[in-house]
Amino acid sequence: MTPPPVVEASDVTRSYTLGKGADAAVVHALRGVSFAVQPAEFVAIIGPSGSGKSTLLHLLGALDRPTTGRLRFFGRPVEEMDDAELARLRNTEIGFVFQQFQLLTRTSALANVALPLVYRGTPKAQRRERAAAALRSVGLGHRLDHRPAQLSGGEQQRVAVARALVSQPRLLLADEPTGNLDTVTGQEIMDLLRGLNREQGVAVVVITHDQEIAALAPRQIRIRDGVLEAAPVTSAGSVASEQPLAPVAAPPERGA
Amino acid sequence: MNLPEASRVAVTAIGANRLRSALTVLGVVIGVMSVVLLVAVGTGARNEVTAGVEDLGSNLLLVVPGSFDFGQAPTLSKFTIDDVEDIQRDLGDQVSVSGNLASGETVRAGSVSAFSSVLGATAEFDEVLNREVVRGEFLTESDVATGRRVAVLGSSAGAALFPDSDPIGKYVTIAGLRFRVLGVFDELGAALGVDRDSQVVVPITAAQRLFGTRRVDTIFVKAPDASQLDPITDRLRAVLSERLDDSEFSVLTQQEILGVAGQILDTLTLVLAAIAGISLLVGGIGVSNIMLVSVQERTREIGLRKALGARTRDITTQFLVEAIVLCGVGGVLGIALGVGLAEAASTFTPLPAAVTGWSVALAFGVSVGVGIAFGTFPARRAGRLDPVVALRYE
Ligand SMILES: Nc1ncnc2c1ncn2[C@@H]1O[C@H](COP(=O)(O)OP(=O)(O)OP(=O)(O)O)[C@@H](O)[C@H]1O
Ligand SMILES: [Mg+2]
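As given, the protein sequences belong to chains V and Y, one line each in that order. Okay, so the first sequence: first residue is 1 according to the working numbering, each after it adds one. Okay, so the second sequence: first residue is 1001 according to the working numbering, each after it adds one.
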C-alpha cells in the first residue's frame, strides 16, 4: 500500500470577503486547485506576485482552511480537525519558513529555534540540546546566543530553517525563503533545503518567483491568478518545467 | 504549554516593557493599598471604640434621652436631677448612680486658656466610671448639693493650665466664674484621636447654673455585677416611666452600645472599602486596556506561535498569566505599601489603624481576581486570532 500524500488538495478554493453588506467585494485568491505532495518530494511553486502562492502555502501548512474543496493531511480531511489537532499537526508534522523570517526579536537564536518544542512539552534541557543541534545543522553552531538583530539576513533565514527543522517535520514549507537575500545567500538556503530533502527525506515545498531558483527543484508548479498551470509530476526527480500550461484536474487517486 | 512555561513567557513580556508594565501595575498598587489602608483605619477605629466602651465595665448601664438606634437623631434630654435622685432612692445601695451634663467651654488659669469639655457630675461619678483621682480629691456630696464652684481636672487639662505648678487649691475660670481645683485625674489616653484627658469635672448643680439649664444629659448606673443588669434595667424603666414617656429615654447596656457603635463603624469600614474597591476596579480597567494594546502589538508574535503549534488555549493562558502576574505583583506591592502606611498612620497621627489578616488576604485575592476578570477578554481575543491574519498583520 502506498502511503497517503503528505498533503493533498482537491479542487480547493480560497476567497476573501472585503467589506460588509452591499459593498462587500470578494477576492478569489485560489480558484480550484488540485495538488498533492508526496512523502520526500521536492516541489517549487512559481508564480507572479498576487497569484495566490502564499495563500496556497498557508493552506498546505494548516494555517488556514479552504473556502471550498477538500484538503487532507496524511489522508485525514482538515475539516475533521479541531483547533488542538491542527495545532498538533503544525507543531509536529509541518515546518514553516516565512518570507519575512518571523523570528521573535527579544530572544536568542537558540530560544527562537526551541519555540516549537515548548508547545509539545519537551523539557527545557532537551529543548536546548535539540535547538542547538538544529542550529549546528544549518551552520550556525557559533551563533546560538545571538539575537535576530545581531545576525545577517542569511543567518536569520537559516535560524528560521533550523526552527522549521527542530520538530523533525515530514513536510517543510518555505514561502520565498530567498526573496530577501542576495543570490549567493539564496543559493545557500536552497542547498540547505535540498540537502534536508535528500538526507532526511523531508517533503519540501518552496515558493519562489525566481526562475533560476525554481530550476533547482525536481518538480515545478506554476500558479497564475489562483489556478495551477502545470500538470503535477508525482515522481520526485523529474523536471516539470516544460509541461504544457493548462489547468490541472484532480490528482490520480491513491490507495487510502 | 504548561504553567511555569507560560509564566516565564509572561515575565519576559512584562520585563520587555518595563515602564508600561510599571504604570499598569500602579493602578492596582493604589487600589490594593487603599483597600488595606482604609480597612485598617476602619478596624482601628472599631477596636478603639470597643476598648473604650469595655473600659466602662460590663456592669454599667447608661440612661440616654430618646430612643437609641443607629441613624436616630440625638434628642434633647428631659432628665433632671430629680430623676437621678429617684433612681438612687428606688434602687438603694446596690447601685451607684451618676448624672452628667457636658459642654465645650474655654477654661482659663491666669493668662493660660484651654478649650475643654466641662462635665457636670454627681459625687459618684469617679466610682461609677472607674476614674481615679491621683492628686487631691474628688467632688463630695455636699459640693454637689450646694453647687459649690470646685473642679477636678483631667491630666492634660491640668498640665495645660498649670504647666509648672501644682494646680491643687488654685483657681480656674469657666465662663467668667472662678472654680477652685480639688484634684487631678489619672491619665486615660486618647481614643479616635480625641484627648480624653482634657476634661474638667465640676458639680452638676454648678454646671446647670453655668449653662443656664436644669437638664441632665446622661445617667450612669453601676450594678454590683453583670448578672443583675436585667432586673436593674426593669426597675430603671419603671422609675423613669413615672415621669417620662417610654420614647423619651433608653436604658442601654455596654453590649447594646457596642452593637450600635459596631454597626456605625462597620458601615464606615464598608464605605471605605467600597471607595477603595472602586479604585481597584479602575486599576483593573487599566490592566485590561494595556493588555489589549499588548495583544495588538504582539499580533504577529501570536500568529507565529500559532503557526509553530500553539493552541488557542496556550495563547489564552499566556496572556491571562501575564495579566495575573501584573496584578499579583501590583497586589503584593499594594499590600506592602498599605501595611507600611497603616503603620506610619498609627505611629505618627492620632488615626488608629489596625491591619487585619483578612483584608490583606482579600486585597491580594481581589487583585488576582481583577487580573483574571480583566485579563480574560484580551486573552481570549489573542487566542482567537487567526494565524494567517496575524502573520500578515503589519
Ligand atoms: N487576508 C486577505 N484579505 C483579502 N485579500 C487577500 C488576503 N490575503 C491575500 N489576499 C489576496 O489574495 C491574492 C493572493 O495573495 P497571495 O498573498 O497568496 O499572493 P502571492 O502569490 O503570495 O504574492 P507575493 O508573491 O506578492 O507574495 C492577492 O490578490 C491578495 O490581495
Ligand atoms: Mg506571498
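Even for Gly, the Cβ is constructed at its ideal location relative to N, Cα and C. In this text the structure is predicted, and so the values were computed from the model without any measurement.
Taking CB distances under 8 angstroms as the criterion, tell me whether T1312 (chain Y) reaches chain V. With respect to chain V, the C-beta atom of T1312 (chain Y) has a partner C-beta closer than 8 angstroms.
Using beta carbons (cut-off 8 angstroms, strictly below), is L1385 (chain Y) in contact with chain V? no
On the premise that V1134 (chain Y) lies in contact with V1184 (chain Y), defined as a C-beta separation below 8 angstroms, what is that separation, rounded to the nearest angstrom? Approximately 6 angstroms separates the beta-carbon atoms of V1184 (chain Y) and V1134 (chain Y); this is inside 8 angstroms, confirming the contact.
List the residues of chain Y whose Cβ lies closer than 7 angstroms to the Cβ of N91 (chain V), in chain order. L1308, G1309
Please go through the same chain and pick out, in chain order, the residues whose beta-carbon is closer than 7 angstroms to the beta-carbon of F1377 (chain Y), but skip the five residues on each side of it. S1288
Considering only heavy atoms of ligand 1, does any lie closer than 7 angstroms to the CB of S51 (chain V)? yes
Name the chain V residues that come within less than 7 angstroms of N1002 (chain Y), Cβ to Cβ? G121
CB of Q102 (chain V) to nearest heavy atom of ligand 4: below 7 angstroms? With respect to ligand 4, the structure shown offers nothing to examine, as its ligands consist of ligand 1 and ligand 2.
Name the chain V residues whose beta carbon is nearer than 8 angstroms to that of L1351 (chain Y)? Going along chain V, no residue has its Cβ under 8 angstroms from L1351 (chain Y), so there is no contact; the nearest lies around 47 angstroms.
Interface partners of T1317 (chain Y) on chain V, CB under 7 angstroms: The premise fails here: T1317 (chain Y) is roughly 11 angstroms from chain V at the closest Cβ pair, so nothing lies under 7 angstroms.
Helix or strand or just coil, what does DSSP make of R254 (chain V)? Its pLDDT being 43, under 50, R254 (chain V) is placed unreliably in this model, and the value from its coordinates should be taken loosely. Three-state DSSP puts R254 (chain V) in coil, outside helix and strand.
Under 7 angstroms Cβ-Cβ, which residues of chain V neighbour V1388 (chain Y)? H58, L63, D64
With a threshold of 7 angstroms on Cβ separation, who are the neighbours of E1005 (chain Y) within its own chain once the five nearest residues in sequence on each side are excluded? Around E1005 (chain Y): no qualifying Cβ.
Could one say the Cβ of T1012 (chain Y) lies closer than 8 angstroms to chain V's Cβ atoms, at least one of them? yes
What residue range does the alpha helix (DSSP H) around K1306 (chain Y) cover? 1299–1307
Flag V6 (chain V) as yes if its beta-carbon sits less than 8 angstroms from any beta-carbon of chain Y, otherwise no. no
Using the beta-carbon of each residue, which ones in chain V are nearer than 8 angstroms to E1005 (chain Y)? V118
Name the chain Y residues that come within less than 8 angstroms of L104 (chain V), Cβ to Cβ? E1301, L1304
Rounded C-alpha distance that separates A174 (chain V) from Q99 (chain V): 8 angstroms
Nearest by alpha-carbon distance to E1248 (chain Y): which of Y:V1011, Y:R1237, Y:G1334, Y:L1003 is it? Y:R1237
Run the CB neighbour count on Y16 (chain V), radius 10 Å, all protein chains shown included, and call it buried at 16 or more, exposed below. exposed
So what's I1219 (chain Y) in DSSP terms, helix, strand or just coil? strand
Taking C-beta pairs closer than 8 angstroms, name the residues in chain V that A1016 (chain Y) reaches, listed in chain order. Those within 8 angstroms of A1016 (chain Y) in chain V are R106.
With DSSP run on the structure shown, which of helix, strand or coil describes T68 (chain V)? Strand.
Determine, using beta carbons only, whether D210 (chain V) comes closer than 8 angstroms to chain Y. no
Burial state of K53 (chain V), where buried means 16 or more other Cβ atoms lie within 10 Å: Buried, by the Cβ-count rule.
Report the residue from Y:R1131, Y:V1282, Y:G1044 whose alpha carbon sits nearest the alpha carbon of E1187 (chain Y). Ranking Y:R1131, Y:V1282, Y:G1044 by Cα distance to E1187 (chain Y) puts Y:R1131 first.
Which residue comes first and which comes last in the beta strand (DSSP E) that contains P123 (chain V)? Unbroken run through P123 (chain V): none, as it is neither H nor E.
For H58 (chain V), count the other beta carbons within 10 Å of its own beta carbon; 16 or more makes it buried, fewer makes it exposed. Which is it? buried
Is the shortest distance between the beta-carbon of A84 (chain V) and the beta-carbons of chain Y less than 8 angstroms? yes
Touching or not, the region 1307–1323 of chain Y and the region 1038–1048 of chain Y, by the rule of three or more beta carbon pairs under 8 angstroms? Too few Cβ pairs lie closer than 8 angstroms, so no.
Less than 6 angstroms between C-beta atoms, sequence neighbours within five positions excluded: which residues of the same chain meet that for G1283 (chain Y)? G1027, V1028, G1031
Rounded straight-line distance, which links the Cα of T1267 (chain Y) to that of V1332 (chain Y): 27 angstroms
Buried versus exposed, by CB contacts within 10 Å (16 or more), T1347 (chain Y): Under this definition T1347 (chain Y) is an exposed residue.
Classify R1008 (chain Y) as helix, strand or coil using the three-state DSSP reduction. helix
Give me the chain Y residues within the contact set of R88 (chain V), using Cβ-Cβ distance strictly less than 9 angstroms, ordered along the chain. G1309, R1311
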